[in-house]
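Encoded as structure tokens, the structure appears first; notes follow it.
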Amino acid sequence: MAEGSIRISSFEIKTASRREVAAAHALTTRLQAEAWPEDPPRALADWEGELRTIPPYWAVQRWVAWRGEEAVATATTYFYNTLQNRHIADLDIAVLPEHRRRGIGKELLARLVTACEEGGKTLLTFGTDSALPAGRAFAARVGARAGMVSATNQLDLASLDRALMERWCHEGPHDLFSLGWWIGPYPEEELIAICELKDVMNTAPRDELEVEDWTWTPEMVRQSDAALAARKRERWTLYARHRASGELAGFTKVFWDPAQPAALWQGDTGVLPKYRGHGLGKWLKATMIARVLAERPTVVRVRTANASSNVPMLKINHAMGFRLYKEWTIWQVEAASVRAYLGAG
Ligand SMILES: CC(C)(COP(=O)(O)OP(=O)(O)OC[C@H]1O[C@@H](n2cnc3c(N)ncnc32)[C@H](O)[C@@H]1OP(=O)(O)O)[C@@H](O)C(=O)NCCC(=O)NCCS
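Residue numbers (my numbering): 18 to 362.
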């Protein structure tokens, strides 16, 4: 049972009072500082804006645990409003350090599982951060199994091997492919081809994770672009086009938040299987980092995450100077097993 005087209620950003929003933001700020101590805190308006602009291909429900007027824990379910994975719910539970080991996480989990059962979700997934070992212990206790371990690597730009980047740009397969940029929203006339290109990420390792492919549709891309624009995030995508066929062959993208100017997130990098082995991945990444150096001088570190089993991607990243920062484990467990665990208590 949770510690005394804890009250759990659902939290909806559109109807929450200003006091509740401020308290939930204070909670998130503390949790974020624990997980990402190098990063500056996010402003309330920025955080709130993110909650208000979740793309509709996610259906999100949130709960907050209150102790008086203080928000001490939060829990969220993400249901996939997508073509696949409609039987899965992704969960997130976080409790302030001084309130851990008192049953609050378990009580929040009970709310989430009830919502998942009502929504017909049978498989639950959630992630834990190697910097916060309590998450792994909790996962073990609820009977979850590790589906995939993902490495978050960080590149200190001061240690970037610039000569190597110049070489990768020079050695790129210029005769077979051309490079081009999409800055901001993707062009409407190429959305179908862009969806096919983005779907190449389904060929990245997923290890034991029992999730289905993620298939992009033009409408989902529009939703994602609208959310980015509303959040004032900048996204640069660099693509490679096969000269002979005109087909899109590969891409890499980065995200930059003007409110966090020192950090850049390197997002997906993918090359279609038939175009692999030409050095496209290196050419794309080196060209991208050259533009970042030239046009985003505030950036001092670049972060990226991919499966620890993704040898080709890690080889490129390590050669650039990316080093392991921490690991993110994605767990999976049947809703029925969690219900049995909760019932046994
Ligand atoms: C994981 C987390 C949410 C657990 O919250 P909590 O309120 O401390 O969890 P509870 O007190 O309800 O514990 C639930 C069960 O997990 C066990 N557990 C929780 N933390 C544990 C730890 N550090 N070591 C061993 N067991 C632990 C408890 O003993 C309890 O088992 P029981 O059912 O036999 O009593 C909390 O540690 C946290 O916020 N961590 C950072 C965020 C995170 O990793 N979230 C991942 C889950 S989505």
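Glycine residues also receive a C-beta, built at the ideal position from the N, C-alpha and C atoms.
The count of Cβ pairs closer than 8 Å, one atom from the stretch 79-99 and one from the stretch 107-123, reaches three, so the stretches are in contact. Residue pairing by DSSP places arginine 179 opposite no residue, since no beta bridge is assigned to it. Out of Ala175, Phe96, Gly144, the CA that lies nearest to the CA of glycine 136 is found in Phe96. Judged by pairs of C-beta atoms under 8 Å, the stretch 142-154 touches the stretch 345-357, as three or more such pairs exist. Classified as exposed, glycine 360 has fewer than 16 neighbouring CB atoms from the shown chains inside 10 Å of its CB. For lysine 123, the shortest separation between its Cβ and any heavy atom of ligand 1 lies below 7 Å.
Restricting attention to Pro73, Tyr74, Gln49, Pro54, the CA atom closest to the CA of tryptophan 64 is found in Gln49. Relative to ligand 1, the beta carbon of aspartate 107 is positioned no closer than 7 Å to any heavy atom.
Apart from the 5 residues on each side of it in sequence, alanine 161 sits with its Cβ closer than 7 Å to the Cβ of Trp348, Gln349, Val350 in its chain, given in chain order. Rounded to whole angstroms, asparagine 327 and threonine 142 show a C-alpha spacing of 21 Å. Distance from the Cα of arginine 103 is smallest, within the candidate group Tyr342, Thr315, Leu281, Glu229, for Glu229. Glutamine 240: member of the alpha helix (DSSP H) spanning 235-247, first to last residue. For leucine 140, the distance from the CB to the nearest heavy atom of ligand 1 is not below 7 Å. C-alpha of arginine 24 to C-alpha of arginine 36: approximately 16 Å in a straight line.
Annotation note: the stretch 161-223 contains the following uninterrupted beta strand (DSSP E) runs of length 3 or greater, listed N- to C-terminal: 162-173, 194-200. C-alpha of tryptophan 300 to C-alpha of methionine 165: approximately 28 Å in a straight line.
Annotation: lysine 31 is outside any alpha helix (DSSP H) and is labelled neither H nor E by DSSP. In this structure, the C-beta of leucine 149 approaches ligand 1 to less than 7 Å from one of its heavy atoms. Annotated three-state conformation of tyrosine 74 is coil, per DSSP. In this structure, phenylalanine 155 keeps its C-beta atom at 8 Å or more from the C-beta atom of arginine 79.
The C-alpha of glycine 267 is placed about 8 Å away from the C-alpha of tyrosine 292. In the three-state scheme derived from DSSP, where H, G and I count as helix and E and B as strand, serine 27 is classed as strand. Every unbroken stretch of the alpha helix (DSSP H) spanning 4 or more residues and falling wholly within the stretch 259-328 is given here in chain order: 297-312. In this model, threonine 45 and arginine 84 are separated by some 15 Å (Cα to Cα). DSSP links alanine 92 through a beta bridge to Trp80, Ile110. Residue burial annotation: lysine 31 is exposed, with fewer than 16 other C-beta atoms found within 10 angstroms of its C-beta. DSSP, read as helix, strand or coil, puts leucine 359 in helix.
Residue environment for glutamine 283: buried (at least 16 other C-beta atoms within 10 angstroms of its C-beta).
Counting every other CB atom within 10 Å of its CB across the protein chains shown gives serine 262 a total below 16, marking it as exposed.
Within the model, the alpha-carbon separation for alanine 336 versus alanine 180 is close to 12 Å. Spatial neighbours of glutamate 227 in its own chain (CB-CB distance under 8 Å, excluding positions within 5 residues in sequence) are listed in chain order as Leu140, Gly164, Gln349. For tryptophan 348, the enclosing beta strand (DSSP E) starts and ends at 340-351.
In this structure, the C-beta of threonine 46 stays at least 7 Å away from each heavy atom of ligand 1. Per DSSP, threonine 145 is one residue of the beta strand (DSSP E) stretching across 140-146.
In this structure, DSSP gives glutamate 227 a state outside helix and strand, which the three-state scheme calls coil.
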